[in-house]
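There are 2 protein chains.
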Amino acid sequence: MFKKPEPKCEGCESPCFQDNLLLKAISAEVRERIYPHLKLTELPLGDVLYESGDVMESVYFPTNSIVSMLYVMEDGRSAEISVVGNEGIVGIALFMGGLSTPSRAIVQSAGQAYRLDSKHLKAEFSRHGELHHLLLRYTQALITQMAQTAACNRHHSIDQQLCRWLLLSMDRLKGDQLDMTQELIANMLGVRREGVTEAASKLQSAGIIQYQRGHIRVLDRPELERRCCECYAVVKKESDRLFEAFSYLPEGGSFHS
Amino acid sequence: MFKKPEPKCEGCESPCFQDNLLLKAISAEVRERIYPHLKLTELPLGDVLYESGDVMESVYFPTNSIVSMLYVMEDGRSAEISVVGNEGIVGIALFMGGLSTPSRAIVQSAGQAYRLDSKHLKAEFSRHGELHHLLLRYTQALITQMAQTAACNRHHSIDQQLCRWLLLSMDRLKGDQLDMTQELIANMLGVRREGVTEAASKLQSAGIIQYQRGHIRVLDRPELERRCCECYAVVKKESDRLFEAFSYLPEGGSFHS
DNA sequence: GCTCGTCTGTGCGCTGGCGAACAAACATAT
DNA sequence: ATATGTTTGTTCGCCAGCGCACAGACGAGC
Chain A
1008 MFKKPEPKCE GCESPCFQDN LLLKAISAEV RERIYPHLKL TELPLGDVLY
1058 ESGDVMESVY FPTNSIVSML YVMEDGRSAE ISVVGNEGIV GIALFMGGLS
1108 TPSRAIVQSA GQAYRLDSKH LKAEFSRHGE LHHLLLRYTQ ALITQMAQTA
1158 ACNRHHSIDQ QLCRWLLLSM DRLKGDQLDM TQELIANMLG VRREGVTEAA
1208 SKLQSAGIIQ YQRGHIRVLD RPELERRCCE CYAVVKKESD RLFEAFSYLP
1258 EGGSFHS
Chain B
1008 MFKKPEPKCE GCESPCFQDN LLLKAISAEV RERIYPHLKL TELPLGDVLY
1058 ESGDVMESVY FPTNSIVSML YVMEDGRSAE ISVVGNEGIV GIALFMGGLS
1108 TPSRAIVQSA GQAYRLDSKH LKAEFSRHGE LHHLLLRYTQ ALITQMAQTA
1158 ACNRHHSIDQ QLCRWLLLSM DRLKGDQLDM TQELIANMLG VRREGVTEAA
1208 SKLQSAGIIQ YQRGHIRVLD RPELERRCCE CYAVVKKESD RLFEAFSYLP
1258 EGGSFHS
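Respectively, the protein sequence lines represent chains A and B. The numbering of the first sequence is our numbering, which starts it at 1008 and goes up by one. The numbering of the second sequence is our numbering, which starts it at 1008 and goes up by one.
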């Protein structure tokens, strides 16, 4: 969309603000205000960005990393609520006015993200301009994802859910690889590790994925989609619908007609 | 909070705008703009306010009714995503910028609601004032409820979930009564009717509830809370935290410090 | 009264996922 | 090469919830 030369982050050639779709979608005007405050940050696997109830100091725009919102129950069992990759932002409670959420944000796939201090985000959000609309619309997409997760948890088998989870993850990464142990996947899905082992070995023997000791590779994505429940497609379609507006957005324009 | 005389809805004495907490929380200034456009509407049991994908024509502020957001899957199985009563608004997608959601809004408990045409809500929302903040914060509370639902679906028994569901419903109604068949409850929870029958009869024989042919009455609420999973309390607590700000809100003030 | 439709109770057999316990394969550091 | 810790594979008994089928119980209407 934006052909003008972009500010490069000092020192690194390849990572760029444009790697995050939200950052990419904003106009030059907003960009000039926001970009100087963005700090490229390494997110190591398993890093906890927010603990349940923490007041958020900053928000994160992932580029090649993935962050999971995980709800951890009193007895230690957990369930993934939503996933955020380069299409989104971690820390929506900040601008929604709650400052914290009762869930944990944990790095599911190591990589980088742009960190923005909460006061800068709030300042820009309070201008009620482009970014404001953008973030609200993104939040709506996230809500859809959460709703679908709730329904999927209720009705679908581990086999199907693993497919959904893999697809969600692959969409947020460049290649066809993913570093993740079955134990961790089980935590995300809120199921037993053995259940994941079984589902994964089915997929492997069918030649759809290939894995060993925490490295997963998708070989046959179409087949993965075929074995998946409807949940993945519904969320994808709805996200596409909501994000479509981003590219049509005139500079400084408004979503509300 | 607001001691000034309130405009009464024409003809009816008891129902009043103040019966909805969001409508109650807004200042006199906003009230004057909004109130003239509110239309008191009867919501019969089972009425569908929005079907999945529908563009929303108006939003609803329930007073003594309850509306469920229900996700219906391709095979007809369903799951309740969230519940809205007199503490909230039905149709958040409208102001979030999505215009529709892939879920169904269905009247779970008959009663009344104030209907507001979408253009009026949008207009007021676009002023980026009080109502704007209020609605965003409410949305955050709703997100919490959805997240908890997802986790609850994953880990808790029908017995526990029924307790949660009853408590959520009772909170949104005046008395201790609820008109609802076990069949419908099963749809909401996304479980078998027989499962609900079993769970309900346990509660009845323990003297906690009493029911017959679609009429449920809670006799021992504390015990209901004791048998419930943590999910109810977590959502309640978080809602209280978020709503607390409403009462402190100075007229025309802002949430963002 | 009686009938019919709705709502609730109960009893099958089945299965997906759980919990626990243990074995095998592999990676890395020493 | 060996040892150690991590990751994955396998088994077994168990149970919550499912799907199905049917029986009673109640209420509204004729």
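For each residue, glycine too, the CB sits at the ideal point set by N, CA and C.
In or out: Asp1026(A) buried (at least 16 other Cβ within 10 Å) or exposed? On the first sequence, residue 1026(A) is found 19 positions in, with the first residue counted as 1. Buried: at least 16 other Cβ atoms inside 10 Å.
Run the CB neighbour count on Gln1168(B), radius 10 Å, all protein chains shown included, and call it buried at 16 or more, exposed below. Walking along the second sequence from the start, residue 1168(B) turns up at place 161. Looking at its Cβ environment, which holds 16 or more other Cβ atoms inside 10 Å, Gln1168(B) is buried.
Determine the burial state of Gly1092(B): buried for a count of at least 16 other Cβ atoms within 10 Å of its Cβ, exposed for fewer. Within the second sequence, residue 1092(B) is the residue found at index 85, counting from 1. That one is buried.
Looking at chain B, which residues of the segment 1059–1086 of chain A have a Cβ within less than 7 Å of any of its Cβ atoms? Tyr1078, Met1080, Glu1081, Arg1084 and Ala1086
Please list the terminal residues of the continuous alpha helix (DSSP H) segment that includes Phe1024(A). Numbered from 1 along the first sequence, position 17 holds the residue referred to as residue 1024(A). No alpha helix (DSSP H) holds Phe1024(A); DSSP gives it neither H nor E.
Any 3 or more C-beta pairs closer than 8 Å across the segment 1155–1174 of chain A and the segment 1092–1106 of chain B: no
Fully enclosed by the segment 1127–1197 of chain A, which beta strand (DSSP E) runs are 3 residues long or longer? 1184–1186
8 Å Cβ shell around Asp1246(A) - same chain, five flanking residues per side excluded: Within the first sequence, the letter at position 239 stands for residue 1246(A). The question names Asp, but residue 1246(A) is Ser in the sequence shown. Hits under 8 Å: Glu1094, Ala1148, Thr1151 and Gln1152.
Kindly indicate if chain B contains any beta-carbon less than 7 Å away from that of Ala1240(A). Counting from one through the first sequence, the residue named residue 1240(A) turns up at place 233. With 7 Å as the cut-off, Ala1240(A) does not count as an interface residue toward chain B.
Starting from Ser1116(B), follow the beta strand (DSSP E) in both directions and report where the run begins and ends. In the second sequence, residue 1116(B) corresponds to position 109, counting from 1. Note, Ser1116(B): beta strand (DSSP E), Arg1111 to Ser1116.
Check whether the segment 1040–1047 of chain B touches the segment 1122–1137 of chain B, counting contact only when three or more Cβ pairs, one atom from each stretch, lie closer than 8 Å. Yes, they touch.
For Arg1144(B), I'd like the list of residues in its chain whose CB is within less than 6 Å of its CB, leaving aside the five on either flank, ordered along the chain. In the second sequence, residue 1144(B) corresponds to position 137, counting from 1. Counting only Cβ-Cβ distances below 6 Å, and skipping sequence neighbours, we find Leu1249.
From the DSSP output, in three-state form, read off Pro1229(B) for me. Taking the first residue of the second sequence as position 1, residue 1229(B) is located at position 222. It is helical.
Contacts that Ser1110(A) makes with chain B (C-beta to C-beta distance below 8 Å): Walking along the first sequence from the start, residue 1110(A) turns up at place 103. In chain order: Ala1154.
At a CB-CB cut-off below 7 Å, which residues of chain A make contact with Arg1161(B)? Against the second sequence, residue 1161(B) aligns to sequence position 154. Around Arg1161(B), the beta-carbon contacts reaching into chain A at under 7 Å are Ala1086, Asn1160 and Gly1197.
Under a Cβ-count criterion, where at least 16 other Cβ atoms within 10 Å of its own Cβ denotes burial, should Gln1219(B) be classed as buried or exposed? Translated into positions along the second sequence, residue 1219(B) becomes position 212. Taking all protein chains shown into account, Gln1219(B) has fewer than 16 neighbouring C-beta atoms within 10 Å of its C-beta and is therefore exposed.
Look up Ala1213(B) in the DSSP assignment and say whether it is helix, strand or coil. Here residue 1213(B) corresponds to residue number 206 of the second sequence, with the count starting at 1. Assignment of Ala1213(B) by DSSP, reduced to helix, strand and coil, places it in the coil class.
What do you reckon, are the CB atoms on Ala1120(A) and Tyr1067(A) nearer than 7 Å? Taking the first sequence and counting its residues from 1, one reaches residue 1120(A) at position 113. Taking the first sequence and counting its residues from 1, one reaches residue 1067(A) at position 60. A contact, by the Cβ cut-off of 7 Å.
Does DSSP put Met1063(B) in a helix, in a strand, or in coil? The residue given as residue 1063(B) occupies position 56 in the second sequence. The answer is coil: DSSP assigns Met1063(B) none of H, G, I, E or B.
So is Ser1208(B) buried or exposed if we call it buried at 16+ other beta carbons inside 10 Å? Taking the first residue of the second sequence as 1, we reach residue 1208(B) at position 201. It counts as exposed.
Supposed contact pair Glu1081(B) and Cys1196(B) - C-beta distance, whole angstroms, cut 8 Å: Here residue 1196(B) refers to the residue found at position 189 when the second sequence is read from its first residue. Here residue 1081(B) refers to the residue found at position 74 when the second sequence is read from its first residue. Per the sequence presented here, residue 1196(B) reads as Leu, with Cys not at that position. That pair is no contact at about 19 Å.
How many whole angstroms separate the CB atoms of Arg1111(B) and Val1055(B), which I take to be in contact at a CB cut-off of 8 Å? Mapped onto the second sequence, residue 1111(B) falls at position 104. Mapped onto the second sequence, residue 1055(B) falls at position 48. At roughly 6 Å, the Cβ-Cβ gap stays under 8 Å, so Arg1111(B) and Val1055(B) are in contact.
I believe Thr1204(B) touches Gln1217(B) by the beta-carbon criterion, under 8 Å. Please report the beta-carbon distance rounded to the nearest angstrom. For the purposes of this step, residue 1204(B) is taken as residue 197 along the second sequence, with counting starting at 1. For the purposes of this step, residue 1217(B) is taken as residue 210 along the second sequence, with counting starting at 1. Not really, about 15 Å apart at Cβ, beyond 8 Å.
Is it the case that the segment 1173–1183 of chain A contacts the segment 1229–1245 of chain A, given that we only count it when at least three CB pairs across the two stretches are under 8 Å? yes
Taking the Cβ atom as the reference point for each residue, do Asp1183(A) and Arg1224(A) lie within a distance shorter than 7 Å? Along the first sequence, read from residue 1 onward, the residue named residue 1183(A) stands at position 176. Along the first sequence, read from residue 1 onward, the residue named residue 1224(A) stands at position 217. Against a cut-off of 7 Å, the Cβ pair of Arg1224(A) and Asp1183(A) comes out as a contact.
Give me the residue from Pro1229(B), Ser1085(B), Val1074(B) and Ala1035(B) with the minimum Cα distance to Glu1049(B). In the second sequence, the residue the question calls residue 1049(B) occupies position 42. It is Val1074(B).
Near-chain B residues of the segment 1207–1238 of chain A (beta-carbon distance less than 9 Å), N- to C-terminal order: Cys1236, Glu1237 and Cys1238
For Ala1086(B), write down the residues that DSSP places opposite it in a beta bridge. The count along the second sequence starts at 1 and reaches residue 1086(B) at position 79. Beta-bridge pairing links Ala1086(B) to Tyr1078(B).
Applying the criterion that 16 or more other CB atoms from any shown protein chain within 10 Å of the CB defines a buried residue, is Val1090(B) buried or exposed? For the purposes of this step, residue 1090(B) is taken as residue 83 along the second sequence, with counting starting at 1. In summary, Val1090(B) is buried, with 16 or more beta-carbon neighbours lying within 10 Å of its beta-carbon over all protein chains present.
Beta carbon of Val1114(B), beta carbon of Leu1052(B): below 7 Å? Position 107 of the second sequence, counted from the start, is the residue given in the question as residue 1114(B). Position 45 of the second sequence, counted from the start, is the residue given in the question as residue 1052(B). Their beta carbons are under 7 Å apart, which means Val1114(B) touches Leu1052(B) by this criterion.
What would DSSP say about Asp1124(A), mapped onto helix, strand or coil? Within the first sequence, numbered from 1, the residue matching residue 1124(A) stands at position 117. Judged by DSSP in its simplified three-state form, Asp1124(A) adopts strand.
Proximity below 7 Å, CB of Tyr1057(A) to CB of Ala1158(B): In the first sequence, counting from the first residue as 1, residue 1057(A) sits at position 50. In the second sequence, counting from the first residue as 1, residue 1158(B) sits at position 151. Not in contact: Tyr1057(A) and Ala1158(B) (Cβ atoms no closer than 7 Å).
Quick check on Gln1147(A) - is its C-beta less than 7 Å from some C-beta in chain B? Taking the first residue of the first sequence as position 1, residue 1147(A) is located at position 140. Closer than 7 Å: yes.
I need the boundaries of the beta strand (DSSP E) containing Leu998(B), first residue and last residue. A question about residue 998(B) goes unanswered here, because the residues of chain B that appear run from 1008 up to 1264.
Using a cut-off of 7 Å between C-beta atoms, extract the partners of Ile1096(A) located in chain B. Numbered from its first residue, the first sequence carries residue 1096(A) at position 89. None at all; the shortest Cβ gap to chain B is about 14 Å.
Suppose contacts are defined by Cβ-Cβ distances below 7 Å. Is Asp982(B) in contact with Ser1107(B) by that definition? In this structure chain B extends from 1008 to 1264, so residue 982(B) is not present and cannot be described.
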